[in-house]
Amino acid sequence: MKKIVSIIVIVLGIFSLLVLFSACTDESASTADSTLTISEGDLTEREEFLLSSLTEQSFMYDFAIEGGHEGLALYVEKFVYGEQEEYPVGSIIIEEIDESGSLLFAINRPDIESDERSFIFGVESDGNWSTVTSMDRMTIEEDELAATLSESAASDGNDMTVTEGTVILASIIHANGEKGISTLTHEFYEDVEGNLDEIEAYETVYLLTVEFFHDGDLD
Numbered sequence: 004m005k006k007i008v009s010i011i012v013i014v015l016g017i018f019s020l021l022v023l024f025s026a027c028t029d030e031s032a033s034t035a036d037s038t039l040t041i042s043e044g045d046l047t048e049r050e051e052f053l054l055s056s057l058t059e060q061s062f063m064y065d066f067a068i069e070g071g072h073e074g075l076a077l078y079v080e081k082f083v084y085g086e087q088e089e090y091p092v093g094s095i096i097i098e099e100i101d102e103s104g105s106l107l108f109a110i111n112r113p114d115i116e117s118d119e120r121s122f123i124f125g126v127e128s129d130g131n132w133s134t135v136t137s138m139d140r141m142t143i144e145e146d147e148l149a150a151t152l153s154e155s156a157a158s159d160g161n162d163m164t165v166t167e168g169t170v171i172l173a174s175i176i177h178a179n180g181e182k183g184i185s186t187l188t189h190e191f192y193e194d195v196e197g198n199l200d201e202i203e204a205y206e207t208v209y210l211l212t213v214e215f216f217h218d219g220d221l222d
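So the sequence shown is numbered by this note's numbering: it starts at 4 and just counts up by one.
Dropping the structure here:
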């Protein structure tokens, strides 16, 4: 437990450093031409090294809003063999956000004797970071070889420009490596419910999701 707490504290410290670096290198964020634009965060090699050294998985995104949204919720939905769990693994809700900001999600490196992970959520808006942590177990059968595949929906430098408030940012698949893991299609990210067959063979799939909402309009 002490190790997990220490990792969380260190990662949260890195998050604070990242926003300081961002403030120094990008004093004015441009607003998007459309309602909402999300892109992968532009990290330096040093920032990427710090995150990769202390976390098992991490994702960072920048967002810009033309107008009309007051808050956001960043959360992770969990699917087991294609069946969605009743509640998200973890979430953070910010009721008031600026026109631009950053989103961070990280999973700490587990203790050798434990399969329990800390899920760390971070949101930066107007120069201020808010963070939340939650716990979950990433397990498969004892006699199986575990494998993990993670991918970002905003890959290869392609921005996500959307008009709707809910966006799937990334997926993490934890499954039996001997059976193989395939990347999810673009259609899956656009319509999860209509393409659940893509994840029915996997023990655990996590979907990192952000929802931008109007005041009092969060689902």
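For every residue, glycine included, the Cβ atom is placed at its ideal position computed from N, Cα and C. The structure displayed is predicted, hence computed values, not measured ones.
Practice task
Could you tell me whether the region 121-131 touches the region 68-85, where touching means 3 or more Cβ pairs closer than 8 Å?
Solution key: Three or more Cβ pairs drawn from the region 121-131 and the region 68-85 lie within less than 8 Å of each other, which places the two stretches in contact.
Exercise for the section: Answer yes or no: the CB of E48 versus the heavy atoms of the ligand MN, is any distance below 8 Å? Expected result: Within the structure as shown, the ligand MN is missing, as the structure has no ligands at all.
Problem - Residues near V135 by beta carbon distance below 6 Å, same chain, minus five either side - result: Cβ within range, chain order: I95 and F124.
Handout entry: DSSP-derived helix/strand/coil call for G197
Key = Reduced to three states, the DSSP call for G197 is helix.
Exercise for the section: Quick one: grab the DSSP three-state call for E181. Expected result: In this structure, E181 counts as helix in the three-state DSSP scheme.
Problem - Contacting residues, own chain, Cβ-Cβ under 6 Å from D65 (five flanking each side not counted) - result: Leaving aside the five residues that flank D65 on each side, the residues in its chain whose CB is nearer than 6 Å to its CB run, in chain order, S42, G44 and S105.
Exercise for the section: Locate the beta strand (DSSP E) running through E80, then write down its first and last residues. Expected result: Boundaries of the beta strand (DSSP E) harbouring E80: G74 to V83, taken from the DSSP string.
Exercise for the section: Can you give me the Cβ contacts of M63 inside the same chain, cut-off strictly under 6 Å, excluding the 5 residues immediately before and after it? Expected result: Residues G44 and L107 of the same chain have their beta carbon placed closer than 6 Å to that of M63, with the five preceding and five following residues left out of the count.
Practice task
Can you say whether N131 is buried or exposed, counting buried as having 16 or more other CB atoms within 10 angstroms of its CB?
Solution key: So N131 counts as exposed.
Exercise for the section: Sort out for me which residues DSSP pairs A226 with in a bridge. Expected result: This structure leaves residue 226 out entirely; the chain is present only between 4 and 222.
Handout entry: Residue from P91, T151, Y84 and I97 whose Cα sits closest to the Cα of H72
Key = For the residues P91, T151, Y84 and I97, the minimum Cα distance to H72 belongs to I97.
Exercise for the section: Tell me whether Y90 sits in a helix, a strand or coil according to DSSP, three-state version. Expected result: It is coil, neither helix nor strand.
Practice task
Please name the residue, chosen from S133, A173 and Y205, that lies closest to S185 on a Cα-to-Cα basis.
Solution key: Here the closest residue by C-alpha is Y205.
Problem - Contact the region 82-90 vs the region 51-62: 3+ CB pairs below 8 Å - result: Two segments are said to touch when three or more pairs of C-beta atoms, one from each, lie closer than 8 Å; by this definition the region 82-90 does not touch the region 51-62.
Handout entry: Whole-angstrom C-beta distance between T207 and M141, which should lie under 8 Å
Key = Yes, M141 and T207 are in contact; Cβ-Cβ is about 6 Å, under 8 Å.
Practice task
Measure from the alpha carbon of D129 to the alpha carbon of each residue in E99, I110 and V195, then state which is nearest.
Solution key: Proximity to D129 across E99, I110 and V195 peaks at E99, based on C-alpha coordinates.
Exercise for the section: Determine, using beta carbons only, whether E59 and I110 come nearer to each other than 9 Å. Expected result: Pairing E59 with I110 gives a Cβ-Cβ distance under 9 Å.
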